[in-house]
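Residue numbers for the sequence shown follow our numbering, so the first one is 821 and each next one is one higher.
Below: the structure, in C-alpha cells.
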Amino acid sequence: GMFATVDGISQRAPVHWSENVIGAALCFPYVVALDDEFITVHSMLDQQQKQTLPFKEGHILQDFEGKVIVATNKGVYILVPLPLEKQIQDLLASHRVEEALVLAKGARRNIPKEKFQVMYKRILQQAGFIQFAQLQFLEAKELFRSGQLDVRELISLYPFLLPTSSSFIRSHPPLHEYADLNQLTQGDQEKMTKCKQFLMTYLNEVRSTEVANGYKEDIDTALLKLYAEANHESLLDLLVSENFCLLTDSAAWLEKHKKYFALGLLYHYNGQDAAALQLWVKIVDGDIEDSTRSDLYEYIVDFLTFCSDQDLVWKYSEWVLQKNEEVGVQIFTKRPLEEQEKNSINPDDTINHLNKYPKARVKYLEHLVLERKIEKEKYHTHLAVLYLEAILQLKSVSTDNCTEKTELLLKLRSHLQKSDLYRKHFILDKIQGTNLHMESAILYGKLEDHEKALHILVHELKDFHAAEEYCIWNSENRDLHYRRRLFHMLLTVYLNPSSSDSALVMAAVDLLNNHSAEFDAALVLQLVPDSWSVQLLSPFLSGAVRQSIHTKRMTQAALGLAQAENLIYKYEKVKQKGAPVLLSDKKVCQVCQNPFSEPVFVRYPNGGLVHTHCAANRHLNSNMTQHFSSSSNQT
C-alpha cells in the first residue's frame, strides 16, 4: 500500500499487505485493510502492523463519514477504534514506550492543544518511570525533563528521603505501579545502588533549575540523605554552599550515619556555631568518631580565627592552646585585618590570657611588633624580655647550641637592632652577668656608647666581622661623618697600644683595605704605626688616593657650576637694575610732595618716586593691581 500526495509523490514508507487485498480505508492514524481471511491494521506513523482481526467472507471495507464499515453476504459491521488515550495507556502497560510516544505525537491534530499538552506531559512522565524501572536512566532523565516531572514523584519512591514535614501526595491516577524502590528492584541491592546513584545525579542537576522552584527543601534534604548514606564526597560541598536542607531531618540523618563533621557544617550554615564547635571538639578529643578530616584541629583554629562571636573565641581559646600553643595562637594573630584595626579583641587582654602559654605569648607579641608594627614601648620591651628569659632558661638546662636557642638568639638580636622602642637600660641590666656579649654590644650601640660596644666585639668575642657589621648597621640612615666616626673608633680599638695581639693588627689592616672609603686618609696616617710598610696598606692607599682625586674633581665641577650660576644671577641683577635711581633731600614724593627723610623709597614703572607709606596708602585706597618694585639707595 503506497501513500501519495495529490501530485503523485510518495512521502511515507509503504505498508505491507497480503497479495489479495479486497479493500482499504483510512481511520487516522491507522490504515485498515481487508483480505480473504483477516482485517489488518497498520499505523500511518511508523508503517508497522498493529493488529490482525480474523474475518472471513468479507466483501466490502469502506470509510463512511469517519466510520469504517465492513460487510459480508450476511451482515454489515462497524469497526470502532478504542479511544487514543486508552490505546496509549495499553502500549505503556505493555512497556512499548516508543510506540506510545509516536502515537501520542501523531494524535496531536485530533485533540485540543491544552488537553493534548496535559495528556502528553503525563505520558512522558509515565514513559520515564517505565524506562527508570528498566534501569534505562539516560532515557528516563530526558523523559522526566521533557514531561516536567514533579521531582518529588521520583523522590517518594525512595523510603525516608522526603522530609517528615513534606506535604507531598503522589499523582492520581498513579504514574507507575510501584510502591517504593524495594518493590521496583525486588530487593536487588545492586539495582538499588544504581537507582540511588541516578537520583543523586538527577537531583544535583535539577536543584538549581526551575524544576526545583517551590520545593527546594525537599530536593536538598533528599540529596543530603543520599550523599550521607553513600559516603559521597559531595556531601561537604553541598553543606558549604547555598542549600535548603531542613535542619531537623538532616541533622537526625547525619547523626544516624555518623557524619559528625558534616553535621557541624550544617549547624554552622544554620547559624548555630556553638553547636558546631562542640561537635568538632568532641571528634578531636576522641569522644565520637569521624575520620572525614584528619586536620580537624587546624580547621577549628581557622574557624575560630574568622569567627565574629568573641565569646566563642574566648571559650575555646583554652582548648586550642592546650592542644598546640603555636598553632592555637593563630585565633588571635590571623584575625581579619578590619577586626584587628578596630582592636575588637584587646591586645592587653590577650597577652594576659596567654600568660599560661609562653610560646603562644611570644608568637602573639611578635605579631603585634613585627607584623602589625604597633609602636608601643611595653610590647617591644615585653618581647625582648621574653626572648631573653627563654634563652637563659635553655642555657641553664643545656650548654649545647641547640636549634631552638640559636633561633631565639637570632630573633633577640634582630629585635634589639631594628627596634628603638624598648627600654634599653632595663634590658641591659637583665643581660649583665650573662655571656650574651653580642646582645650587650647591640644595646650599648643603641645607647650611643660605641666604644664599649666595639670593645666587647673585639676583645670579648674576638669577632672582627661582627665589629665591622656593627659599624655598618649602626650608621644606616646616618650621614658620612657619623659613619666615618664609627669606623675610626673601631680602628682605634684595633690599634690600642696596650694590646700587642697580632690578630688585631691584621684585623686593622683588613679593615682599612676593605673599607677605604669609610676613612679619612689623613687621620688614618696619623694613627697607623710608622713600622707599617706602604705595601701592607697599598689597597687602602690606592683607594684613598682615588677617592681624594675623585672628591677634588667633583668639588671643582661643583665650583665651576656654582660660578656659572652666580654669573647668571649677576647678569640678571644688572638687567633688573637698569638705569640708576638717584635720591637726594631735594627730591619730593609725588604723592605727598614732601621731601625724603630716609634713604628708602618706592619707584613706579614710570620712574616716579614716593614714600613707602604713601605707596601703601595709595595702593589700599585705589585697589591698584599694577606691580611695582621697591629699592633703597643712599646718597
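C-beta: ideal position from N, C-alpha, C; glycine also.
Inter-residue spacing [alpha-carbon to alpha-carbon] between residue i and residue j
i, j, result
"GLN1252", "ASN1144", "34 Å"
"ALA1382", "THR1375", "10 Å"
"TYR1242", "SER1260", "14 Å"
"ARG972", "LEU1001", "14 Å"
"CYS1015", "GLY843", "51 Å"
"TRP1293", "ALA1337", "16 Å"
"GLY1084", "SER1070", "11 Å"
"LYS1272", "TYR1264", "7 Å"
"LYS961", "TYR1022", "7 Å"
"LYS1078", "GLU1109", "8 Å"
"ASP1107", "TYR1117", "14 Å"
"VAL1205", "ASN1333", "39 Å"
"HIS1308", "PHE1360", "14 Å"
"LYS1179", "ASP1057", "36 Å"
"ASP855", "GLU1025", "54 Å"
"HIS996", "GLN882", "39 Å"
"VAL1354", "PHE1246", "48 Å"
"LYS1193", "HIS1200", "10 Å"
"LEU1059", "ASN1051", "14 Å"
"SER1362", "TRP1352", "16 Å"
"LEU1256", "PHE1152", "32 Å"
"GLU1030", "THR825", "44 Å"
"VAL1189", "GLU1195", "7 Å"
"GLU959", "ILE950", "10 Å"
"GLY1091", "SER1164", "21 Å"
Cross-strand partners of residue i (DSSP beta bridge)
i, result
"SER863", "TYR850"
"ASP1115", "Beta-bridge pairing links ASP1115 to no other residue."
"LEU1429", "ARG1423"
"PRO874", "PHE858"
"LYS887", "PHE884"
"VAL1408", "PRO1415"
"VAL896", "ALA891"
"GLN801", "In this structure the chain extends from 821 to 1455, so residue 801 is not present and cannot be described."
"GLY843", "LEU854"
Residues near residue i by beta carbon distance below 7 Å, same chain, minus five either side
i, result
"TYR940", "ALA924"
"LYS887", "ILE898"
"ILE989", "none"
"ASN1437", "none"
"ALA1287", "LEU1274, LEU1277, VAL1278, LEU1310"
"VAL851", "GLY821, VAL835, ALA844, HIS862, MET864"
"GLN907", "LEU923"
"ALA920", "ILE908, LEU911, LEU912, ILE943, ALA947"
"TYR1177", "LEU1141, GLU1145"
Same chain, Cβ closer than 6 Å to residue i, five either side skipped, listed in chain order
i, result
"LEU944", "LEU963, SER966, GLY967"
"LYS870", "VAL861, SER863"
"ILE975", "LEU981, LEU982, ALA1042"
"TYR1087", "ALA1095, ALA1096"
"THR1112", "PHE1081"
"PHE1018", "PHE957"
"LYS876", "GLU857"
"ARG807", "Examination of residue 807 is not possible in this model, given that the chain is present from 821 through 1455 alone."
"TYR1047", "SER1054, LEU1055"
"LYS1045", "LEU981, TRP1073"
Buried or exposed by the 16-neighbour rule on C-beta atoms within 10 Å, applied to residue i
i, result
"ALA913", "exposed"
"SER1061", "exposed"
"ALA845", "buried"
"MET1258", "buried"
"GLU1186", "buried"
"THR1312", "exposed"
"VAL890", "buried"
"VAL896", "exposed"
"TYR1389", "exposed"
"ALA1323", "exposed"
"PHE1339", "buried"
Contacting residues, own chain, Cβ-Cβ under 8 Å from residue i (five flanking each side not counted)
i, result
"LEU1429", "VAL1401, LEU1403, LYS1407, CYS1409, GLN1410, PHE1416, PHE1421, VAL1422, ARG1423"
"GLN1160", "ARG1192"
"LEU1343", "HIS1308"
"ASN893", "GLU877, HIS879"
"ASP827", "none"
"CYS1222", "LEU1214"
"PRO792", "This structure cannot speak to residue 792, because the chain is shown only from 821 to 1455."
Any non-hydrogen atom of the ligand NAD within 7 Å of residue i CB
i, result
"VAL1026", "Ligands are entirely absent from the displayed structure, and the ligand NAD is therefore not among its contents."
Given 8 Å, three or more beta-carbon pairs between the stretch 1273-1281 and the stretch 1228-1240: Contact between the stretch 1273-1281 and the stretch 1228-1240 is absent, because fewer than three Cβ pairs lie under 8 Å.
Contact the stretch 1365-1380 vs the stretch 1392-1405: 3+ CB pairs below 8 Å: No, the stretch 1365-1380 is not in contact with the stretch 1392-1405.
Inter-stretch contact at 8 Å, needing at least 3 Cβ pairs: the stretch 1297-1306 / the stretch 1281-1289: Verdict: no, contact absent.
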